[in-house]
Amino acid sequence: MGKAGEDFQTRFAKRFIVPNQTNAPFAYDSVYIFVDAMKRENSTDPAKVLSAMPSPDYTGVTSETQFDAHGDLLHGVVSMYDYKAGKKTLVSKITM
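Take a look at the structure:
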């Protein structure tokens, strides 16, 4: 995560008085991707929002998110972690 991600972590910890949770920045970006599509379509109609999803690219707190012509995520990454004694260790990263 770059500066936007660091800023998110700081704001999250200040607001919720706990460290950033693993999936919080991804959930945040997901919500704002939908919000962006609704604003561009000036609608909350699911079909209109879905049609707006493939473009444009969205730069959020985690990274730049891009979709293909079908609305599928491009360059997605699935990360596997192992947690032992409260410590998180990356086990594997799969790029889609």
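Take any residue in the sequence shown, note its place counting from 1, add 905, and you have its number in the working numbering. Cβ coordinates follow ideal geometry from the N, Cα and C atoms, glycine included.
DSSP places residue 973 outside both helix and strand once states are collapsed to three, so it counts as coil. Linking residue 925 to residue 974 through their CA atoms gives a straight-line distance of about 33 Å. In this chain, the beta strand (DSSP E) harbouring residue 987 covers 982-989.
Checking the DSSP bridge columns, you'll see residue 963 partnered with 970.
Between the segment 964-973 and the segment 918-935, the count of Cβ pairs shorter than 8 Å is three or higher; the stretches touch.
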